[in-house]
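Numbering (this note's numbering), first residue to last: 1 to 413.
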């Protein structure tokens, strides 16, 4: 009986609205980076497998709802979903996340939205539906390869249900912050800028924390060491003091960035306005959205050109000369696509670290005077270094043009 009701609900969902299906990616599209929440889930479930009495299974439903309300849920998404649901436009989610975790998060999203919004029973495509080997037609050539996602997979699964015989590739629009589709499906994709709000509540919970992990070391040495390696791999914790300080700096920058990320993100607000105000057809929908909402993937610059350094308001040369009585204000403009942790290094030592937004000059240091003896260690070779605070892998940094602060010889004693 329950199965018959689900089929009837799915059929009603499929036939009562416009003949279009909306596919939503989850991470960085619907939500930001679940960060420490998903780490807690993985760690607690794994350690509970080793020691069942821990009875720890990751963040609670209410913790997920709270995080979504604090900024993890992308601004405007709830209203967008409510509008589509009111127009009887069916929706599915297609994510690379594990199915169990995705169900937990989407359950919390549904509480905020106010109702279940996915196609019943089959509305979630998850990690087990990704990384597919596919073959298709591009122009007059056959192409095959391994791709992250497939719209045709969604078509095949849903069109087998009663009332979904109308569904085909040309009736679908997909929103994703990457391009995960095979080339013969990409015309149905609307690329969206990634939403980089990061959840930073910490991996330690009430039942599992560093003390509990330390107590488990003697009995489960290999597993605990694996956990420590996992935390370092996720840029959370390191036994190397220098690396650990970098992780702490990155987390602090992410906290500083989060409020502005929420305030500045208007993606779903603009998309809602499009659906409310524009006449559109299913076949031309992706192209119409790209045109009206101006969504185009960003293009990368070369690394060396991403950082512009100023000294006293002027672009730096390789060697800058300052008189002893002169002051020095060093500013940095970041020309990349995303906000970063900007470091100013002097002789390999970090002397300043700040959040830098694209296209804005941030003052790194201001020296009122410089003495020939340089007792305060302000003279020497400088370089500005930009680091992605969410993924501070070694070797992924961007460097500005190196320069050196020296004093004119004639002012030396």
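Glycine residues also receive a C-beta, built at the ideal position from the N, C-alpha and C atoms. Just so it is clear, the structure is predicted and the values come from calculations on it, not from any experiment.
Status (buried if at least 16 other CB within 10 Å, exposed otherwise) for residue 347: exposed
Compute the distance between the beta-carbons of residue 339 and residue 405, then report whether it is under 8 angstroms. no
Could you please give me the residues that DSSP links to residue 133 through a beta bridge? 146
Does the stretch 317-324 come into contact with the stretch 53-69, if we say contact requires no fewer than three beta-carbon pairs (one atom in each stretch) closer than 8 angstroms? no
Using 8 angstroms for Cβ pairs, my map puts residue 160 next to residue 113. What's the rounded Cβ distance? Not confirmed; about 27 angstroms, so no contact.
Could you have a look at residue 79 and say whether DSSP puts it in helix, strand or coil? helix
Report yes or no: do three or more beta-carbon pairs, one from the stretch 83-102 and one from the stretch 281-295, lie closer than 8 angstroms? no
Tell whether a beta-carbon distance below 8 angstroms holds between residue 368 and residue 327. yes
Buried or exposed: which applies to residue 391, given that a residue is buried once 16 or more other Cβ atoms fall within 10 Å of its Cβ? exposed
Quick check on the DSSP output: the beta strand (DSSP E) that includes residue 200 runs from which residue to which? Element bounds for residue 200: n/a, residue is neither H nor E.
Looking at C-beta atoms only, is the number of pairs between the stretch 37-49 and the stretch 206-218 that lie closer than 8 angstroms three or more? yes
Candidates 88, 144 and 167: closest to residue 118 by CA position: 88
Going by alpha carbons, who is nearest to residue 341 out of 229, 370, 198 and 253? 253
Expressed to the nearest angstrom, what Euclidean distance is found between the alpha-carbon atoms of residue 402 and residue 363? 17 angstroms
Compute the Euclidean distance between the alpha carbons of residue 382 and residue 236, then round it to the nearest angstrom. 28 angstroms
Just checking, does the stretch 22-35 make contact with the stretch 64-81 on the three C-beta pairs under 8 angstroms criterion? yes
Buried or exposed: residue 413, going by 16 or more other Cβ atoms within 10 Å of its Cβ? Model confidence at residue 413 stands at a pLDDT of 44, short of 50, so the residue's coordinates are unreliable and nothing is read from them.
Taking the CB atoms as reference points, tell me whether residue 295 and residue 197 lie closer together than 8 angstroms. no
Using alpha carbons as the reference points, say which of 162, 183 and 178 lies closest to residue 169. 183
Please tell me whether residue 247 and residue 238 are closer than 8 angstroms, where the distance is taken between their beta carbons. yes
Mind checking residue 255: buried by the 16 CB within 10 Å criterion, or exposed? exposed
Alpha carbon of residue 125 to alpha carbon of residue 313, nearest angstrom: 52 angstroms
Which residue from 308, 279 and 147 puts its Cα closest to that of residue 400? 308
Residue 188 classed as buried or exposed, judged by whether at least 16 other C-beta atoms fall within 10 angstroms: buried
Of all Cβ atoms in chain D, is any one closer than 8 angstroms to the Cβ of residue 33? Protein chain content of the structure displayed is limited to a single chain, and chain D is not contained in it.
Starting from residue 320, trace the beta strand (DSSP E) both ways and give me its first and last residue. 319-322
Go ahead and pull the three-state DSSP assignment for residue 30. coil
Using 10 angstroms around the beta-carbon of residue 32, count the other beta-carbons present and answer buried if the total reaches 16, otherwise exposed. buried
Between which two residues does the alpha helix (DSSP H) containing residue 264 stretch? 241-264
Measure from the alpha carbon of residue 310 to the alpha carbon of each residue in 279, 361, 82 and 173, then state which is nearest. 361
Just reading off the beta strand (DSSP E) that residue 380 is part of, what are its end residues? 380-387
Of the listed residues 131, 155 and 244, nearest to residue 146 (C-alpha basis): 131
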